[in-house]
Structure formats: structure tokens, C-alpha cells
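Reading through the C-alpha cells given below for one structure.
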Amino acid sequence: RRGRRKTTKTQDNKGRGKKSGRAVSKKEKEERHLCTFFSSGSSSSSSADSDEESLSEGEIAALKEQVEEKKKLIATLRNKPWRMKKRLLLLKEAQDFVEKFEGALGKGKGRRLYAFKVMMTKKLIKFNRDFENFKTACIPWERKIKEVESHFGSSVASYFLFLRWMYGLNLVLFGFMFGLVVIPEVLMGLPYGSIPRKTVPRDEEDSAMDFSVLLDFGGYCKYSVLFYGFYNNDRSIGVLQFKLPLSYLLTSVGIFGYSLLVVIRTMARNANEGGDGGDEGEFIFSWKMFTSWDYLIGNPETADNKYASITTSFKESIVDEQENQKDENIHLRRFLRVFANFLILCSLGGSGYLIYFVVKRSQDFAKMDPKTLTWFENNEVEFVMSLLGLVCPPLFETIAELEDYHPRIALKWQLGRIFALFLGNLYTFLFALFDEVNGKLETEKSIKNATEWALHEYYANYSSFYNTTNVPPPNVAPADVIRGPCWETAVGREFVKLTVSDVQVTFLTILVGDFLRAFIVRFLNYCWCWDLEAGFPSYGEFDISGNVLGLVFNQGMIWMGAFYAPGLVGINVLRLLTSMYYQSWAVMACNVPHERVFKASRSNNFYMGMLLLVLFLSLLPVVYSMMTLSPSFDCGPFSGQEKMYDVVIDTIQAMPAFIGNIFTYVSNPGLIMPAILLMILAIYYLNTVSKAYQQANTDLKKKMQMARDDEKNRRNNQDSTNQVMKDLEDLLPNKSLAPPPVAEEKPLGTTKPGTAGKGVEVQKEESLSAPNPRRPVTRAPGPRGGPPGNMRSPQPEAGRGRGQGR
Amino acid sequence: MGTTASQLPKDSLSEYQELTFLTKQEILLAHRRFTELLGRDERNHPNPRVPMQVILTLPELKSNPFKTRICQVFSTSEDKDGSLTFEDFLDLLSAFSDSATLEIKSHYAFRIFDFDDDGTLDHSDLEKLVNCLTGETEDTRLTSEEMRQLINNILDESDIDKDGTVNLSEFQHVISRSPDFVSSFKIVL
Numbered sequence: 029r030r031g032r033r034k035t036t037k038t039q040d041n042k043g044r045g046k047k048s049g050r051a052v053s054k055k056e057k058e059e060r061h062l063c064t065f066f067s068s069g070s071s072s073s074s075s076a077d078s079d080e081e082s083l084s085e086g087e088i089a090a091l092k093e094q095v096e097e098k099k100k101l102i103a104t105l106r107n108k109p110w111r112m113k114k115r116l117l118l119l120k121e122a123q124d125f126v127e128k129f130e131g132a133l134g135k136g137k138g139r140r141l142y143a144f145k146v147m148m149t150k151k152l153i154k155f156n157r158d159f160e161n162f163k164t165a166c167i168p169w170e171r172k173i174k175e176v177e178s179h180f181g182s183s184v185a186s187y188f189l190f191l192r193w194m195y196g197l198n199l200v201l202f203g204f205m206f207g208l209v210v211i212p213e214v215l216m217g218l219p220y221g222s223i224p225r226k227t228v229p230r231d232e233e234d235s236a237m238d239f240s241v242l243l244d245f246g247g248y249c250k251y252s253v254l255f256y257g258f259y260n261n262d263r264s265i266g267v268l269q270f271k272l273p274l275s276y277l278l279t280s281v282g283i284f285g286y287s288l289l290v291v292i293r294t295m296a297r298n299a300n301e302g303g304d305g306g307d308e309g310e311f312i313f314s315w316k317m318f319t320s321w322d323y324l325i326g327n328p329e330t331a332d333n334k335y336a337s338i339t340t341s342f343k344e345s346i347v348d349e350q351e352n353q354k355d356e357n358i359h360l361r362r363f364l365r366v367f368a369n370f371l372i373l374c375s376l377g378g379s380g381y382l383i384y385f386v387v388k389r390s391q392d393f394a395k396m397d398p399k400t401l402t403w404f405e406n407n408e409v410e411f412v413m414s415l416l417g418l419v420c421p422p423l424f425e426t427i428a429e430l431e432d433y434h435p436r437i438a439l440k441w442q443l444g445r446i447f448a449l450f451l452g453n454l455y456t457f458l459f460a461l462f463d464e465v466n467g468k469l470e471t472e473k474s475i476k477n478a479t480e481w482a483l484h485e486y487y488a489n490y491s492s493f494y495n496t497t498n499v500p501p502p503n504v505a506p507a508d509v510i511r512g513p514c515w516e517t518a519v520g521r522e523f524v525k526l527t528v529s530d531v532q533v534t535f536l537t538i539l540v541g542d543f544l545r546a547f548i549v550r551f552l553n554y555c556w557c558w559d560l561e562a563g564f565p566s567y568g569e570f571d572i573s574g575n576v577l578g579l580v581f582n583q584g585m586i587w588m589g590a591f592y593a594p595g596l597v598g599i600n601v602l603r604l605l606t607s608m609y610y611q612s613w614a615v616m617a618c619n620v621p622h623e624r625v626f627k628a629s630r631s632n633n634f635y636m637g638m639l640l641l642v643l644f645l646s647l648l649p650v651v652y653s654m655m656t657l658s659p660s661f662d663c664g665p666f667s668g669q670e671k672m673y674d675v676v677i678d679t680i681q682a683m684p685a686f687i688g689n690i691f692t693y694v695s696n697p698g699l700i701m702p703a704i705l706l707m708i709l710a711i712y713y714l715n716t717v718s719k720a721y722q723q724a725n726t727d728l729k730k731k732m733q734m735a736r737d738d739e740k741n742r743r744n745n746q747d748s749t750n751q752v753m754k755d756l757e758d759l760l761p762n763k764s765l766a767p768p769p770v771a772e773e774k775p776l777g778t779t780k781p782g783t784a785g786k787g788v789e790v791q792k793e794e795s796l797s798a799p800n801p802r803r804p805v806t807r808a809p810g811p812r813g814g815p816p817g818n819m820r821s822p823q824p825e826a827g828r829g830r831g832q833g834r
Numbered sequence: 040m041g042t043t044a045s046q047l048p049k050d051s052l053s054e055y056q057e058l059t060f061l062t063k064q065e066i067l068l069a070h071r072r073f074t075e076l077l078g079r080d081e082r083n084h085p086n087p088r089v090p091m092q093v094i095l096t097l098p099e100l101k102s103n104p105f106k107t108r109i110c111q112v113f114s115t116s117e118d119k120d121g122s123l124t125f126e127d128f129l130d131l132l133s134a135f136s137d138s139a140t141l142e143i144k145s146h147y148a149f150r151i152f153d154f155d156d157d158g159t160l161d162h163s164d165l166e167k168l169v170n171c172l173t174g175e176t177e178d179t180r181l182t183s184e185e186m187r188q189l190i191n192n193i194l195d196e197s198d199i200d201k202d203g204t205v206n207l208s209e210f211q212h213v214i215s216r217s218p219d220f221v222s223s224f225k226i227v228l
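Chains A and B supply the protein sequences, listed in that same order. When you read off a place in the first sequence, starting at 1, and then add 28, the result is the number in my numbering. When you read off a place in the second sequence, starting at 1, and then add 39, the result is the number in my numbering.
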């Protein structure tokens, strides 16, 4: 027990060393603080215990409240628009207070626990902060993206941010697939060559190591962990009895679930930041004015471009306002638009048919001997699809010139059309593929019958020859066993080939379209008749929407293919990684900043919305094949079952009875229908509530306006003897007349004439460095006489005169 | 280069982390960049102050049309010359950082746009703002007719109480609806 010392606040808080006070033992500090408190507060008494009793309940509660308040203040200090000096002072004050009285709050038996809790909270806060720092340090490519941002502005950088986000998502999916499916099979499953499904068939053996075959994902690639067919259908494998087929199914479904979760969470976060999507047209000019500059721009050339585009956009909007009376030939315009849409529908249909045709042809090629086919015929499908993806968007753009829309609307149409193109292509490809699958299933039936017949024959011969019933299994090398066509691996291979060719095409396009073009423009410019850099072809601009759409659809293909080819996610991770480095190099080296910058506002959520749509659309084929198609009889983790999800049903049945009962009850339609109904009702309710909030918003706004009008009327109704003043005020609505400043230092008082009762008065003098937090608006300015160079642009009128009314 | 005087003491570091939206790495980076801006002799000064002209050589600020206003708003010097101490610099970076809230950003944006520092955005402020945004050269400027129309449109949209100026709450109301503001009002070292 320490003696009573008049300890002051600054005792262990000299300078800035507040945190070092923690080293002192908690109990010691507590006692010291208790003594401080009581010596400075309540009446003297000799023992600490009796002092504690003299603290009434109410005082303790009040003290606690104060401590909480101070803690809250500390937490929100960074959000206050005060100067650092002031905040430091407040922080120290608040921390001292908390430190001092926290000890006093825990009394009696609970004191130690309370002190412990306090200490743990502090440690937790510190840990959280360190963890946040660590997390931020772990985010890759910050420098790179920042460089791109400062050169090209935030719209181009948003593509790279999206790419990085996708990379993170794919990394997690890869972790799932790899850790839960591939690794167990590799470590605990049977090795290559032990069973038929894991071995290259005899007739393919001599070509299995050929580079061209491997590139085509045949040969050894086909019979590896990359594809579905490699996995064995043992219910549990290895020492740990790992249930591989169940894990395979659940992981594939889990990939979709996790992606859905992440996409929706990101959309919600973006929606929060962006405010409600409601009034797009409400603040056009104000937003252009206040939010159009991109503060990340650090490059003078980009800045110049930005100035130009801002000016253009201002002029355009001003003109737009007056453009409604434009007397144009509406009929011609409508006709042209319908015609353009018709053309585009034709080209979409044409591309869909082309893909179908090509896939059908590839099925015929597959029946022929692979050695007789050229590379082109082998990869026709992917080639055609990539070609369509390259050629059609510019085609759409040219056709869209017929339509004569406002550029932002035209951009939306363009994006929609490219989306439809990709979607149509992908689905046509899928339909053709599933046609093939059905064909394969037919073949499979006949092979299955053939194998069973052969086995039957073998047993019959054996038993009749050796006259025993105990027949050993046929001694056939795994490579010689008759194989079924294994349609899942075929589908997986198609997806992998498609992804790889997509990657190749993208990289090639960048190389030729951007790099070569920039190269030619730069070096041929010296000996060419016209200025290549300014005129045609000049340097390319980075095509944000095309690239983002490509990324979205690539991800769709990954989602579709991951079930049939577990290795596909790994391939995609590699692809995104190289894409990041390659594209950031290409954009810095070969592209110029956009001349016209269109912020498709909320474009972040637009792309996320598309990703969500693609996620659902890629879920459909996988679920369909899981539910309706039967698995191959001799390859993959579900071989031998009727349907793929049988493994789940078997697992449930193997569990204790009551779990099975629960599942039966839950899957009862009588339960599911009401649940769906409930969800629909919840959506309806939330929709109504949000509409009510919007209505309340508009009402409040109207009220505000009415209140101001009322006050203005009231003021005008007051008998103003100073008619001259009133007249002048009416002429100058935004500045009240204040007496001109006597000296440089005296600030001007400015109030709005509408402010109730304030009239004309000089505001309290405050300097810029320590504004009064309670009245951020009415800060008076400092002395006026700044050097004219402070103003960014010279003003036609005298700078000083402006502030005093016009 | 790194003498002990020019390194950031550990407890200041944790306090700055508490008081700003910056992470530890960002504060250290800011300190490094700030000391690079100082002259040799100023490094050992207890609270060095960098003049505005030197701050404006930072590449992040160089191309910004509001660079002088930014310096003036964040400066705590009595001479109002726009010079910044390290703490002012941190304030600046914190307000422009990625994790800063909308309120802080809109507050500072308002102060930056308020060219005459009178607490409201009146016609002259808006005009200066437009001129800043449209660049220096003559062919990118708006004509006075266009300017007048533009400012009228803006006041129509944002001036709720119809007094001819935009005050802080009206400004924040407009800004809070904008989806681009938070992402464009960012400066990262």
C-alpha cells in the first residue's frame, strides 16, 4: 500500500511515453491511481478499503460512463477534421483519464478480473492493429497498381484491382480443390499404373509422351490428377479413411458456394460505398464539378487529357440541356436503330451457328485417326471461338454508329452486346458438348456390355476348364483392359483446351495489337509521310470493358470446368499471375491514357453483377450433369453409381439414424415450400421498407426547403426600416453586406441572409489552424492578403473584391 | 541519411496510427518522403516545416489542379504560406487515404473548394473551381455564358435552401450520393 501522494496526471505520461506506462505492474498502478483519486477527490481516510466504500454506486456508474466516453473518443479521433496537434492533446488527455480511472473502477474481488479484462482488451486492440498492418503489407502489387493509377487514372486501374481480386478468389478456390481433392488422391490413393483408369491404354502408349499430344492434354496429361477420370471410386482411402468421392462432390459444390458468398459480399460493400443507386440524374452537374477530378493522377500528360475531357463533358452537358428541342428526323433514327439491332442479332445468330457447326465437325474429326489431322483441324473449335471473340466486338461498334446514341448509352449497349455474344458462344459450345456426351454415353453402354460379356465368358471358361468355383480375377495388365469413353474427362479436356487457347489469344492480341502497333508507330514515324502518332493508327488505348468481360467469362469457364478437371483452377491461378505482370507491363509500355474518359459510374458493381450472373449460368450445366447424367462406369470417383449424388445419400444413410431422419424431414416438400414462401415475403417486406425510406428522404428534403422558404418569408415580412439594405440584399443573394475590413487581419463576417435571426454580424475570429469543431461551416477566413500566386488561375476581377459581395 | 533525430520515435508512431487512417508502413513511408524534402540543415530541427513550393514538387501533387489549395488547407503555419510540418503532412495523407471515411473526405473537399475560406461555396468559388478543372490554356476554358449556365445548374441542383451558396451540409448531401467521390478523392504515396 503506497502512501498518499499527490500524483499528477503527468507522472508517468511524460512527453509521449504513455504506452510505456504499461510496463508497470497492473496492481501497482491501480493502487497508485486509487490513492490519487481518493487523495484528490473524497475525504481523507487512512485505509484504501474504506476509501473504496465511500465511492457510491452512482459515482462508479458515472465514472464508468465517462471512461467509456473517453474510450469512444479515442476510437473516433481520427475521424474528426481537427488538426493533428489538437488531436494529440485530446488523445493524451483521454488516455490519461482512462488509464487513471480504469483502475479505480474495479473494486473488491472483481478488481483483478476487471483489470485483467482491461489488459486483455488493450492487447487485443494492439493485436488487431498489427494484424491489419500485416494484412495490408501482404497485399501484392500495390506499387504496380499505383503506378498504373497515376498514369492512367482510376478507371484503368480498376481493371487491375478487379484482376487482383479475381486472383485472390482463384487462389482460395485452388486451395480448396488442391487440399481436399488432389492432395489426398496423390498421397493416399493408388499410384499411376495400378488400375486401368490410371493407366495410359496400350494403343496410346507410344504416343503418350509426344509433345504435341501433351500440349493437347492427351497422353500422360489425360491420365493424371488434372482430370476427373484419374480418381478412384473407393469410398475411403488411405490410413485416415479419407472419403474421397464425398469430398470431391462437396468441394465442387463448395466452390460455387464460396464464390457466391464472396461476390455478394463485395457487391454489398461496393453498394454501401456508392450510396444508393437511385438518383442518377439528380446531381449531374454537381458531381461533374466536385468529383470529376481524379486525385491519383500524377502524370502531367494524363492530367492534360483529364482537363480536356472534363471541359468536353461540361460543354456537352450544358449543350445536352438545350438539346431537347433538337428537331431531328425521329423516324429515320428509329429505323436505323431497329436495323442496327437486326444486324447485330443476325451476327449473334451467325456466330452461334458457326460454333455449333464447328463442334459437330470436331466430333467427326475425333472419330478419325488423330495422326491424319492438321493442327488447325484439331483445335478448330477453340480457334473459331477466340476469333469470334476478337472480331465481333469491333463489328458491333461499327454497326452501333448507325444508332447515334449518347456515348455513355452506346457504351452500355456495347457491353450488353458483347456479353450476349460471349454468353451465346459459351452456351452453344456447351450444348454441342453435351450432345457429344450423350453420344459417348451410348458408346459406353455397348462397351460396358462387351466388358461384362467378356468377363462372364472368362469365368465360365475358367470354371469349366479347372472345374472350380473359386475363380481368381482375370490377370490382365491395366493398360490392356477395354476402356469406356469416359465422357467427364473429355468434357474437362475441352474446357482446359478452351481456357488455354483463350489465354494464348489474349496474350497474342496484346503482343500484336498493342506492342507491335506501338513499336511500328514509334519507329516508322521517322520515315512516314503523315504523323503516325497523332493520326492513324497512333497508340492504342487500354480497352477496359473488353478486358473485364474477358476476365469474367474466363472465370465462368473455370467454374464450369472445375468439376470435370480439378487441375483447371491451378492453371487459372498461373494464368492470372502471368496476366497481371504481362498486362501491367503492356499498358505502361504501349498504351496512352484515354482521351475521352467516361466514368461509367457504379461500373464496379456492374462488373460484379455480371460476374454473379455468369456464376449462376455456369452453375446450371454442372448441376444438370450432376443430377441427370449418369457417371461413367469405369472412371472417376463416382463410377459404378446410378447418379453422382448417390455418394451423399449413401453417406447420410451410413450416419446414425436420427441424422438421416433430420435430412428426410428437411428435404420434405412440405417444409421447403413454406421456406421459399417465407423468403419471398421477406424480400417483399424489405423492398417496401426501402421504398418507405426513400419516401421519407424526399419528404425531409421538401421540409427543409419549406422551412427555408418560410424563414425567408418571415424575414421579408418583418418591417425592415432599412429599405436600402433590404434592396441590396435582394440584389446580392449570397453575400450579406458587412462593413469592409478595417485592417488586413479583421476577417469578414459572412452569413446567409436566410439564416434565422443572425442578420449581419461578424463571426468569431478563428484561425485556420485550430477550427472550432462545433461550427465547421462558419469559420472565418484568415487574413485576406495572400499573394496572388496562391490563386491557381488569374481572375478577371480583383481577388479581394470578390469576397465582399458583387 | 538516417540519423536518430530524423527517425520517427516509436510511441509517436503508435499515436499516429491511432489518430490517422494510415497504416504503420504508410506512416513510415510518409516520414521517409518528408525527410527527403527537407534540406540538410533542417533535418535536425525539432519540428521542421517544408515550404509550399517544395511540397508541390511531390509527383503526387504536381499535376493536381488543387495543389495550392490543398497545401493551404492542411497547413498550420501562422503566416498562411501553405508550408507543412510532418504532422500536417500526415493529416493530408490521412484525409486522402483509402480508408478515410466519407465525412472526413467531404469535409476537407469542401474546405479545399472554398477558395475564399468563408465557409460557403459561392459563385466566385464555383467559378474558380471550374477554371481549375478546365485547365490553363485558352481553348479549354469555358466561355462566360457557358460558365454562368453551368454554375446556375449546379446551384439548382445542390442549393437546397436556395440562398445562392452551397454550405457544408448541402455539399455533404450531394457528395454522399456520388459513387465516384470516395474512390477518386485519394492520394497514395
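From the three backbone atoms N, C-alpha and C, an ideal C-beta is built for every residue, glycine too. Since the structure is predicted, the reported quantities are computational estimates derived from the model, not experimental observations.
Can you give the beta carbon distance from residue i to residue j, rounded, assuming they're within the 8 Å contact cut?
| i | j | result |
| --- | --- | --- |
| residue 533(A) | residue 430(A) | About 29 Å separates the two Cβ atoms, so there is no contact after all. |
| residue 156(B) | residue 112(A) | About 20 Å separates the two Cβ atoms, so there is no contact after all. |
| residue 200(B) | residue 736(A) | 4 Å |
| residue 228(A) | residue 247(A) | 7 Å |
| residue 516(A) | residue 257(A) | 6 Å |
| residue 187(B) | residue 154(B) | Wrong, their Cβ atoms sit about 18 Å apart, outside the cutoff. |
| residue 167(A) | residue 185(A) | With 8 Å as the limit, residue 167(A) and residue 185(A) do not qualify as a contact, their Cβ atoms being about 14 Å apart. |
Looking at C-alpha atoms only, which residue of the options is the closest neighbour of residue i?
| i | options | result |
| --- | --- | --- |
| residue 205(B) | 182(B), 70(B), 161(B) | 161(B) |
| residue 232(A) | 320(A), 569(A), 380(A), 506(A) | 506(A) |
| residue 199(A) | 437(A), 564(A), 600(A), 550(A) | 600(A) |
| residue 695(A) | 680(A), 719(A), 709(A), 684(A) | 680(A) |
| residue 342(A) | 180(B), 152(B), 142(B) | 180(B) |
| residue 522(A) | 453(A), 489(A), 407(A) | 407(A) |
| residue 338(A) | 413(A), 622(A), 447(A) | 622(A) |
| residue 539(A) | 613(A), 558(A), 526(A), 489(A) | 613(A) |
Please report the straight-line C-alpha distance between residue i and residue j, rounded to a whole angstrom.
| i | j | result |
| --- | --- | --- |
| residue 89(A) | residue 745(A) | 52 Å |
| residue 287(A) | residue 555(A) | 53 Å |
| residue 917(A) | residue 133(B) | Nothing about residue 917(A) can be reported from this structure: the residues present for chain A run from 29 to 834 only. |
| residue 216(B) | residue 189(B) | 20 Å |
| residue 93(B) | residue 326(A) | 16 Å |
| residue 531(A) | residue 603(A) | 7 Å |
| residue 46(B) | residue 146(A) | 32 Å |
| residue 72(B) | residue 98(B) | 11 Å |
| residue 707(A) | residue 701(A) | 10 Å |
| residue 114(B) | residue 548(A) | 49 Å |
| residue 62(A) | residue 114(A) | Confidence in residue 62(A) is poor, its pLDDT being 44 and thus under 50, which makes the residue's placement unreliable; the coordinate value appears in the next sentence. Approximately 29 Å, taken between the alpha carbons. |
| residue 395(A) | residue 261(A) | 29 Å |
On the DSSP bridge assignment, give the partners of residue i in chain order.
| i | result |
| --- | --- |
| residue 88(B) | 124(B) |
| residue 159(A) | According to DSSP, which records beta bridges pairwise, residue 159(A) is partnered with nothing at all. |
| residue 160(B) | 205(B) |
| residue 270(A) | 265(A) |
| residue 569(A) | 620(A) |
By the 8 Å beta-carbon criterion, what residues does the segment 317-336 of chain A contribute toward chain B? For chain B, the residues of the segment 317-336 of chain A that bring a beta carbon within less than 8 Å of one of its beta carbons are 317, 318, 319, 320, 321, 322, 323, 324, 325, 326, 327, 328, 330, 331, 332, 335, 336, in chain order.
Short of 9 Å Cβ to Cβ, which residues in the segment 552-582 of chain A face chain B? Taking 9 Å as the Cβ-Cβ cut-off against chain B, none of the residues of the segment 552-582 of chain A qualify.
Taking any Cβ of chain A, which residues in the segment 83-94 of chain B have a Cβ under 8 Å from it, in chain order? Under the 8 Å Cβ criterion, the segment 83-94 of chain B contributes no residue.
By the 7 Å beta-carbon criterion, what residues does the segment 62-77 of chain B contribute toward chain A? 62, 63, 64
What residues in the segment 188-216 of chain B have a beta carbon less than 7 Å from any beta carbon of chain A? 188, 189, 192, 193, 196, 197, 199, 200, 201, 202, 203, 204, 206, 207, 213, 214, 215, 216
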